[in-house]
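Residue numbers (our numbering): 2 to 166. From the three backbone atoms N, C-alpha and C, an ideal C-beta is built for every residue, glycine too.
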């Protein structure tokens, strides 16, 4: 028996409690990524514009995309963005689980929900890119059926992966 609430996945905006907003999760994701790149910044204001925009106005940044939030009770503990379908494909971006909620199936649940949403919307392939040093994320993606694909990224150190839906 556990005293932890069940984790549920909801679509944002529009479902879940008012606290189920992606901004804090996106901020944690981008701050951690920036530090892992070897260029840590003190706060959101010091992030590159494109990342700061996602945090400050996720509704506009992801207007055409699907944002899924993992909730534990009324607390947002994870997020993922699934881009709008284009040419039968969508891309998974910004997968993040709050460190205190890891090893609870949050990331797997978010990916499963994103894949189901993609299938429901006629997507045949879902792809993603992941920093090569994120070995635990790569292992998760491989467990979920993603395989390494030819790179579409110009940034160094990104591994491209995809799977059929």
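| Query | Result |
| --- | --- |
| Cβ-Cβ separation, residue 107 to residue 79 (assumed contact under 8 Å), whole Å | 4 Å |
| Residue 96 in three-state terms, based on DSSP | strand |
| Outcome for residue 84 when other beta-carbon atoms lying within 10 angstroms are tallied against a minimum of 16 | buried |
| Continuous beta strand (DSSP E) stretch holding residue 77: start and end | 76-83 |
| Local Cβ density within 10 Å of residue 143, reported as buried at 16 or more and exposed below that | exposed |
| Boundaries (first-last residue) of the beta strand (DSSP E) holding residue 37 | Per DSSP, residue 37 belongs to no beta strand (DSSP E); it is in the alpha helix (DSSP H), 24-37. |
| Contact check, residue 91 vs residue 119, beta carbons under 9 Å | yes |
| Residue 131 beta carbon less than 9 Å from that of residue 71 | no |
| Separation of residue 125 from residue 101, as counted between CA atoms | 34 Å |
| In DSSP terms, what residue 130 is bridged to | 161 |
| Burial state of residue 55 (16 or more Cβ within 10 Å) | buried |
| For residue 104, three-class secondary structure by DSSP | coil |
| Buried or exposed (CB count within 10 angstroms, at least 16 for buried), residue 153 | exposed |
| Buried or exposed by the 16-neighbour rule on C-beta atoms within 10 Å, applied to residue 13 | buried |
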